[in-house]
Amino acid sequence: MQNTEQPYLFTEFQVSPPAIRTDDIELSAPRVLVHALLLVATAISTTLTGAGFAVHVQENSSLIGSLLAPVLAVLRETVTGNLDPLVKGLLFTFTLLTILGAHELGHYFACRHYGIRATLPFFIPAPPTITLFGTFGAVIKIKEPIRSRRALFDIGISGPLAGFAFALPAAIIGLLFATPATPAAVEASSGGIQFQDPLLFILISKLLSLPKWIEWNPIYWAAWGTLLITALNLFPVGQLDGGHVVYAIAGKRIHKWISCAVAVLCGALADVSIVLHYPAVYLLWTLVLLFLIKVGHPPVIEEEPLGAPRIALAIIAAVVFVLCFMRFPITSG
Numbered sequence: 098m099q100n101t102e103q104p105y106l107f108t109e110f111q112v113s114p115p116a117i118r119t120d121d122i123e124l125s126a127p128r129v130l131v132h133a134l135l136l137v138a139t140a141i142s143t144t145l146t147g148a149g150f151a152v153h154v155q156e157n158s159s160l161i162g163s164l165l166a167p168v169l170a171v172l173r174e175t176v177t178g179n180l181d182p183l184v185k186g187l188l189f190t191f192t193l194l195t196i197l198g199a200h201e202l203g204h205y206f207a208c209r210h211y212g213i214r215a216t217l218p219f220f221i222p223a224p225p226t227i228t229l230f231g232t233f234g235a236v237i238k239i240k241e242p243i244r245s246r247r248a249l250f251d252i253g254i255s256g257p258l259a260g261f262a263f264a265l266p267a268a269i270i271g272l273l274f275a276t277p278a279t280p281a282a283v284e285a286s287s288g289g290i291q292f293q294d295p296l297l298f299i300l301i302s303k304l305l306s307l308p309k310w311i312e313w314n315p316i317y318w319a320a321w322g323t324l325l326i327t328a329l330n331l332f333p334v335g336q337l338d339g340g341h342v343v344y345a346i347a348g349k350r351i352h353k354w355i356s357c358a359v360a361v362l363c364g365a366l367a368d369v370s371i372v373l374h375y376p377a378v379y380l381l382w383t384l385v386l387l388f389l390i391k392v393g394h395p396p397v398i399e400e401e402p403l404g405a406p407r408i409a410l411a412i413i414a415a416v417v418f419v420l421c422f423m424r425f426p427i428t429s430g
């Protein structure tokens, strides 16, 4: 069944609406089970990651030993009655997966609004000792072409804005309740790996007169990670969220030029990080952009104008990108 009127999220300036399917999108029990199992697996891996930061994990030279070390350490503390690491792990998981889930569900419900077939979010677990967060993130799969610029814009921008709406209070809470770092802790970290704050954290710290150096806490760490993910997704490249927005606003030709330019700039950041002996976050991201995401974008059929409210949302998304972006997320002393 097809509607004769396009169900836009913003109704002004509707012109020549395309016929887009708006029939119910079925969610079969086996598919829902897959999503649920991945969510549970990711919750376990992120909980172990968050709890692992709060316990002493013994180094192990073997791969299997290093993978089991956080599990054994958390179990040891829990069995002996110290529930603090487990509680911190659960707080980390709740905060992280809430923000990631909000991001992906923003895309999902925008797709549903336009009758475009899309999957529920796939949460991707990761071994706690391999990644800093215990997850490779979450994705949805859009199963049919997006036919109009307005739909493309709304679907692209809904994820980052929804995720940021949850990441902002998490950042405030994480910073507000953080414990100031001791001089010994500051001295110990000065020569090692350091995690740089995004502009949002800096502004919150100044507004609330918070100390420059703080101890790790799970809500802060989840907010930091999701802000980094938000910034990376808002890069105006290919079919990233930022790429969708730029294509919807400027069209195919300008999108391609901007995608190529940003990919080059990302490569330049990667080169600088290598020269400075920083962990090569942007080298990895450049490789992902070039070989997985790529700079192209599928065409859309309807080229209708977006209207002022969507342009305003695009400006808000640009501000969100600036607040979340970090030149070098991880540095070394």
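Numbering-wise (the numbering used here), the sequence shown opens with residue 98 and increments by one. We put the beta carbon where it would ideally sit given N, CA and C, even for glycine.
Check                                                                                                                                                                              : Outcome
Locate the alpha helix (DSSP H) running through Pro-127, then write down its first and last residues.                                                                              : 126-149
Grab me the residues of Gly-186's own chain with a C-beta within less than 6 angstroms of its C-beta, minus the 5 sequence neighbours each way, in chain order.                    : Thr-144, Gly-147, Ala-148
Within 10 Å of its beta-carbon, does Glu-312 have 16 or more other beta-carbons around it, so buried, or fewer, so exposed?                                                        : exposed
Between which two residues does the beta strand (DSSP E) harbouring Phe-292 extend?                                                                                                : 290-292
By the three-class DSSP mapping on this structure, what secondary structure does Val-176 have?                                                                                     : helix
Going by DSSP, name the residue or residues bridged to Phe-219.                                                                                                                    : Val-236
Tell me which residues share the same chain as Ile-371 and place their Cβ nearer than 8 angstroms to its Cβ, disregarding the 5 neighbours each side in the sequence.              : Ala-377, Leu-380
May I have the straight-line CA-CA distance separating Pro-406 from Arg-247, to the nearest angstrom?                                                                              : 11 angstroms
Helix, strand or coil: which one does DSSP assign to Thr-428?                                                                                                                      : strand
Assuming Ala-320 contacts Ala-268 under a Cβ cut-off of 8 angstroms, what Cβ separation, rounded to an integer in Å, is found between them?                                        : 4 angstroms
Apart from the five residues on each side of it in sequence, which residues of its chain come closer than 7 angstroms, Cβ to Cβ, to Cys-208?                                       : Ala-215, Ile-239, Ile-252
How is the alpha helix (DSSP H) around Arg-244 delimited, first residue to last?                                                                                                   : Where Arg-244 is concerned, there is no enclosing alpha helix (DSSP H), given that its DSSP letter is neither H nor E.
In terms of alpha-carbon separation, which member of Ile-196, Leu-384, Ile-213 lies closest to Gly-256?                                                                            : Ile-196
Helix, strand or coil: which one does DSSP assign to Glu-201?                                                                                                                      : helix
Identify every run of the alpha helix (DSSP H) within the stretch 354-408, keeping only runs that are complete inside it and at least 4 residues long; order them along the chain. : 378-385
Is the beta carbon of Gln-336 closer than 8 angstroms to that of Ile-390?                                                                                                          : yes
Between the alpha carbons of Thr-175 and Pro-182, how many angstroms are there, rounded?                                                                                           : 8 angstroms
What would DSSP say about Pro-182, mapped onto helix, strand or coil?                                                                                                              : helix
Looking at the strands, I want to know which residues DSSP matches up with Ile-227.                                                                                                : Per DSSP, none; premise fails for Ile-227.
Closer than 8 angstroms, CB to CB, is Ile-412 near chain D or not?                                                                                                                 : Note that chain D does not occur in the displayed structure, where there is just one protein chain.
Rank Ile-427, Gly-212, Ser-245, Leu-188 by C-alpha distance to the C-alpha of Gln-293 and give the top, closest one.                                                               : Ile-427
Quick check on Asp-368: buried or exposed, where buried means 16 or more other Cβ atoms within 10 Å of its Cβ?                                                                     : exposed
Determine, using beta carbons only, whether Leu-249 and Val-397 come nearer to each other than 8 angstroms.                                                                        : yes
Cβ atoms of Val-361 and Phe-261: under 8 angstroms apart, would you say?                                                                                                           : no
In this structure, how does DSSP classify Ile-213 when only helix, strand and coil are distinguished?                                                                              : coil
Can you give the Cα-Cα distance for Ile-413 and Ala-170, rounded to whole angstroms?                                                                                               : 43 angstroms
Give a yes or no on whether the C-beta atoms belonging to Pro-315 and Phe-189 are separated by under 8 angstroms.                                                                  : yes
Express the C-alpha separation of Val-334 and Val-392 in angstroms, rounding to a whole number.                                                                                    : 6 angstroms
Looking at the strands, I want to know which residues DSSP matches up with Pro-277.                                                                                                : Ile-311
Kindly indicate which three-state DSSP category Phe-191 falls into: helix, strand or coil?                                                                                         : helix
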